[in-house]
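Down below is the structure, laid out as structure tokens.
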Amino acid sequence: MSYFRELPNLLYQSNLLHKVSSQEYIAIKNIFRRIKVRDSVDDVANFYKKYVILEGQRPDTIAEEFYGQTDLDWVVVLTSGITNIKDEWPLNNYDLNRYATEKYGTELNADHHYETLEVRDSKNRLILPAGQKVDKNFTIPTSHDTSITYNIIGAYENVTYTGSGDITNITTTISNMMYETRLNEEKRNINLLKPIYLQQYLREIREI
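Residue numbers for the sequence shown, in numbering that gives the first Met the number 0: 0 to 207.
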């Protein structure tokens, strides 16, 4: 990662065994210096291009594809807002399965939580959005207008309710594995600095 070439040096009192004086210093990289994209730039969508990290891609392979240089992997990491690549970069399928299996063990396919299915009435009005975390037996009341029917979207079968009583069976199960897969997929969506702004970015990094 050529990022460390850009960091300034500082003189640090030598702890080497062969030193002959306590006044000996060595030049080291100041790893405590960090770079952040300016908020004013971060807010301008024109500076960035949305990118989806594919299976098995690494920062260096994306840097080669996007900027033509593998050693600009640090630009990919920094400009996409990643501060902890171990936790914020998506795992490949093999590593994801291994991670989830180690985390949940025999409970890998057990229920993690429940989410709502989408419910619309016969006038196509949204009654209940999908994806809300709820209890397993969550229900919603219908109106008193029996002429209105309710459609549950995403159920195994097309289910229609008339306008009386509570609407039931409107939840779906999210397993532990599904939950971890979702989290991992969300990490695939990043923003990359457009190549036309790369040299300007590198100049500002070196000046800083």
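A virtual CB, placed ideally from N, CA and C, is assigned to each residue, including glycine.
By Cβ distance, which residues of its chain are closer than 7 Å to residue i, with the 5 residues on each side in sequence left out?
i, result
"L191", "Y47, K48, Y50, F65, V75, T78, S79"
"K135", "Y113, T170"
"R202", "none"
"P194", "F65, Y66"
Does DSSP put residue i in a helix, a strand or coil?
i, result
"P140", "strand"
"K49", "strand"
"E184", "helix"
"N102", "It should be pointed out that residue 102 corresponds to Lys in this sequence rather than to Asn. Correct three-state label for K102: helix."
"K28", "Only weak support is given to the placement of K28: the predicted model assigns it a pLDDT of 48, under 50, and the value that follows is read from those uncertain coordinates. It is a strand residue."
"T171", "strand"
"I81", "coil"
"I61", "helix"
"L197", "helix"
"D110", "strand"
"D134", "coil"
"G164", "coil"
"I152", "strand"
"I147", "coil"
"E54", "coil"
"W73", "helix"
Do you know how far the Cα of residue j is from the Cα of residue i?
i, j, result
"I84", "R187", "12 Å"
"F31", "E101", "Since pLDDT at F31 reaches only 47, below the 50 mark, its modelled position is unreliable, and the value read off the structure follows with that caveat. Distance between the alpha carbons of F31 and E101: 34 Å."
"M0", "L71", "Since pLDDT at M0 reaches only 48, below the 50 mark, its modelled position is unreliable, and no value is offered."
"Y160", "N92", "40 Å"
"S142", "Q131", "21 Å"
"A109", "Y200", "47 Å"
"G67", "L197", "11 Å"
"I166", "T180", "30 Å"
"L53", "E63", "14 Å"
"N45", "I189", "14 Å"
"E23", "E206", "29 Å"
"G164", "T105", "39 Å"
"P140", "Y103", "36 Å"
Are the Cβ atoms of residue i and residue j separated by less than 8 Å?
i, j, result
"L107", "N183", "no"
"N117", "I173", "According to the sequence shown, residue 117 is Glu rather than Asn. Contact flag unset, no."
"T138", "L127", "no"
"R119", "N150", "yes"
"N175", "H111", "yes"
"I147", "S121", "yes"
Going along the chain, which residues of its own chain have a beta-carbon closer than 8 Å to the beta-carbon of residue i, five neighbours each way excluded?
i, result
"T60", "T69"
"Y98", "L90, E179"
"V133", "Y113, E114, T115, T170"
"E87", "I81, K186"
"Q56", "none"
Quick one: what's residue i bridged to in DSSP?
i, result
"T115", "T170"
"Y93", "In DSSP, Y93 forms no bridge with anything."
"N123", "Its beta-bridge partners do not exist; DSSP assigns none."
"L191", "K48"
Looking only at its own chain, which residues have a Cβ that is under 6 Å from the Cβ of residue i, when we skip the five neighbours before and after it?
i, result
"P58", "D72, V75, V76"
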